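Using my numbering, you'd call the opening residue of the sequence shown number 1 and step up by one each time. All C-beta atoms in this analysis are idealised placements derived from N, C-alpha and C, irrespective of residue type, glycine included. Bear in mind that the values here come from a model prediction, so they are computed numbers and not experimental data. The structure appears right after this line, and notes come after that.
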Amino acid sequence: MAGSSVAGARRKLLLVASTGGHLAQLVRLAPGLGASDDSLWVTFRSPQSESLLAGKRVLYVPYVRPRDFAGVLNTYRTVSALLKRERFAQAVSTGAAIALAALPAARRHGVPTLYIESISRVQGPSLSGRVLAATRFAELRTQHPSWAGGRWGTHPAVLATYRRREVSRTAERPRLFVTLGTIEGYRFDAMIDAVLATGLADERTVWQLGFSAGRTDLPGQVYEQVSAAEFERYAREADVVVTHAGVGTILGLLEMGVHPVAVVRRSARNEHVDDHQAQIAALIGELRVGSGVEVDDLDADTIRAAARYRIDIDGTSEAARVSAGN
Numbered sequence: 001m002a003g004s005s006v007a008g009a010r011r012k013l014l015l016v017a018s019t020g021g022h023l024a025q026l027v028r029l030a031p032g033l034g035a036s037d038d039s040l041w042v043t044f045r046s047p048q049s050e051s052l053l054a055g056k057r058v059l060y061v062p063y064v065r066p067r068d069f070a071g072v073l074n075t076y077r078t079v080s081a082l083l084k085r086e087r088f089a090q091a092v093s094t095g096a097a098i099a100l101a102a103l104p105a106a107r108r109h110g111v112p113t114l115y116i117e118s119i120s121r122v123q124g125p126s127l128s129g130r131v132l133a134a135t136r137f138a139e140l141r142t143q144h145p146s147w148a149g150g151r152w153g154t155h156p157a158v159l160a161t162y163r164r165r166e167v168s169r170t171a172e173r174p175r176l177f178v179t180l181g182t183i184e185g186y187r188f189d190a191m192i193d194a195v196l197a198t199g200l201a202d203e204r205t206v207w208q209l210g211f212s213a214g215r216t217d218l219p220g221q222v223y224e225q226v227s228a229a230e231f232e233r234y235a236r237e238a239d240v241v242v243t244h245a246g247v248g249t250i251l252g253l254l255e256m257g258v259h260p261v262a263v264v265r266r267s268a269r270n271e272h273v274d275d276h277q278a279q280i281a282a283l284i285g286e287l288r289v290g291s292g293v294e295v296d297d298l299d300a301d302t303i304r305a306a307a308r309y310r311i312d313i314d315g316t317s318e319a320a321r322v323s324a325g326n
């Protein structure tokens, strides 16, 4: 297959992803793609990207919002300028809109291109995936064999390597870490209100609000953003982590052994550009590696139940080697 990686070969790749779930997945997939140490990452600057890509070569570009066509054009120009002075064996992206800038630019400069659709796209491709399929700027892969076919091949799924185990821990009033992710332009006050309505938030609760910052009615410690190190500390110290159903946050928590409660953002409430979080929430429930819920279904019993589980990584598969390599 054109542009496919060769098992065991180390290659200089251009690795492109938006921050959040897209970047988290690409970091875990990069070793299996044969990325060498001199590969270059293109993403947005954030605490997540600075942590995940520490020690790697990185080109930070301005944030590209979902369906931000001006931002796509600006990034296209930046990547095109880069490709005039540096060569790569392949350009690989897991999305989102930044892929629409980098992969066409790479193809224009004769670099083979690969797009791997997000694990959250259970039923079909995202808008970025559909555009790339229509324009034929990249080889295409999905992490879900159920909808592969035509131009879409398959790629080992990053969630397939995690396993739930039950522990003896129980807590009538579990200590909570609540995180709403870092996506810009979309608040998620409904999730905050739902956590408050459970009656479990107290002075021990830690909140990372992101774009939903500004609330003054929350008990405990409240932050807009925390560093990657602080995020890990708060997640490990908590009995339960309640998060938005963003794949990047979920993957990071699974790597820490956390069984998350993942709450779905809905476009009808202007909480995201579309409803793909419902798909990832359903998927983690089916795989038994988390509790995916709608806002109206988040209650104290769901949170208490999550405290009974931890997550282990199955290191026996190729996908596990991809995940564990980061």
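Quick check: the Cα distance between T135 and I280, rounded to an integer number of angstroms?
Near 27 Å, if we compare the C-alpha coordinates of I280 and T135.
Let me know the secondary structure DSSP gives G331 once reduced to three states.
Because residue 331 is not part of the residues shown, which for the chain are 1 to 326, the question remains open.
Give the single residue among A307, L15, V222 whose Cα lies nearest to the Cα of R165.
Checking every option, the nearest Cα to that of R165 belongs to A307.
From the DSSP output, read off the bridge partner residues of H109.
DSSP lists no partner for H109.
From V27 to S93, what does the alpha carbon distance come to, in whole angstroms?
Computed Cα separation, rounded: 11 Å.
Please list the segments of the alpha helix (DSSP H) lying wholly inside the region 66 to 94, counting only runs of 4 or more residues, in order along the chain.
Listed in chain order, they are 69 to 83.
Using only alpha-carbon positions, find the residue among Y63, E271, L287 that is nearest to E294.
Per the Cα distances, E271.
Can you tell me where the alpha helix (DSSP H) holding S291 begins and where it ends?
It is not in any alpha helix (DSSP H) - S291 instead sits in the beta strand (DSSP E) that spans 291 to 293.
Quick one: what's got a C-beta closer than 6 Å to V222's C-beta in the same chain, skipping five residues either side?
Excluding sequence neighbours, V222 sits near W207.
Quick one: grab the DSSP three-state call for I192.
DSSP places I192 in helix when its eight states are reduced to three.
For A17, which three-state DSSP category applies?
Coil.
Using only the alpha-carbon positions, how far apart do A105 and L218 sit?
Cα to Cα, the separation comes out at about 46 Å.
When you compare only the Cα positions, how much space is there between R321 and A157?
Residue confidence is low: R321 scores 34 on pLDDT, short of 50, so the model does not pin down where it sits. Its coordinate-derived value is still stated next. Near 11 Å, if we compare the C-alpha coordinates of A157 and R321.
If I follow the unbroken beta strand (DSSP E) through R164, where does it start and stop?
Segment 162 to 166, the beta strand (DSSP E) holding R164.
Which residues does DSSP list as the beta-bridge partners of A97?
BP columns for A97 are empty, so no partner.
Pick out whichever of L159, A99, R11, E286 has its Cα sitting closest to the Cα of P66.
Out of L159, A99, R11, E286, A99 has the C-alpha closest to the C-alpha of P66.
Between the Cα of V240 and the Cα atoms of R204, E86, F188, V247, which residue gives the shortest distance?
Of the candidates R204, E86, F188, V247, the one whose C-alpha sits nearest the C-alpha of V240 is R204.
If you follow the beta strand (DSSP E) that Y223 is part of, which residue opens it and which one closes it?
Counting along the chain, the beta strand (DSSP E) containing Y223 begins and ends at 221 to 223.
Do you know whose CA, among R288, A194, V61, R108, lies nearest A97's CA?
That would be V61, whose Cα lies nearest to the Cα of A97.
Is L253 buried or exposed, if buried means 16 or more other CB atoms sit within 10 Å of its CB?
Buried, by the Cβ-count rule.
Over the uninterrupted alpha helix (DSSP H) stretch that includes E139, give me the two end residues.
Unbroken run through E139 is the beta strand (DSSP E), 139 to 142; no alpha helix (DSSP H).
Which same chain residues end up closer than 7 Å to V258 when comparing Cβ atoms and leaving out the 5 residues on each side of it in sequence?
Contacts found: A235, V241, I311.
With DSSP collapsed to three states, give me the class of A229.
DSSP places A229 in helix when its eight states are reduced to three.
Within the same chain, show all residues whose beta-carbon is closer than 6 Å to that of E184, passing over the 5 residues directly before and after it, in chain order.
Contacts found: F211.
Helix, strand or coil for R170? Go by DSSP, reduced to three states.
Note that residue 170 corresponds to Thr in the displayed sequence, not to Arg. T170 falls in the coil class under three-state DSSP.
Tell me the DSSP secondary structure of R175 in three-state form.
Residue state, collapsed to three classes: coil.
In its own chain, which residues sit with a C-beta less than 7 Å from the C-beta of G325, not counting the 5 before and 5 after it?
Caution is warranted here: a pLDDT of 29 is assigned to G325, below 50, making its placement in the model unreliable, and no coordinate value can be reported.
Hey, would you say the C-beta of G210 is under 7 Å away from at least one heavy atom of the ligand MN?
Although the ligand MN was asked about, the structure shown includes no ligands whatsoever.
Starting from the Cα of L73, find the closest Cα among L15, R85, A102 and give me that residue.
The residue with the shortest Cα to Cα distance from L73 is A102.
Can you check which of these residues, L40, G71, Q48, is closest to R57 by C-alpha distance?
Answer by Cα proximity: L40.
Closest by CA to L132, which one among S146, T113, D68?
Closest option to L132, Cα to Cα, is T113.
Using the C-alpha atoms, what's the distance from F88 back to R10?
Near 12 Å, if we compare the C-alpha coordinates of F88 and R10.
Under the rule that 16 or more other beta-carbon atoms within 10 Å means buried, what is V69, buried or exposed?
Residue identity differs from the one stated: residue 69 is Phe in this sequence, not Val. Per the 10 Å Cβ criterion, exposed.
What are the residues that DSSP puts in a beta bridge with A9?
Per DSSP, none; premise fails for A9.
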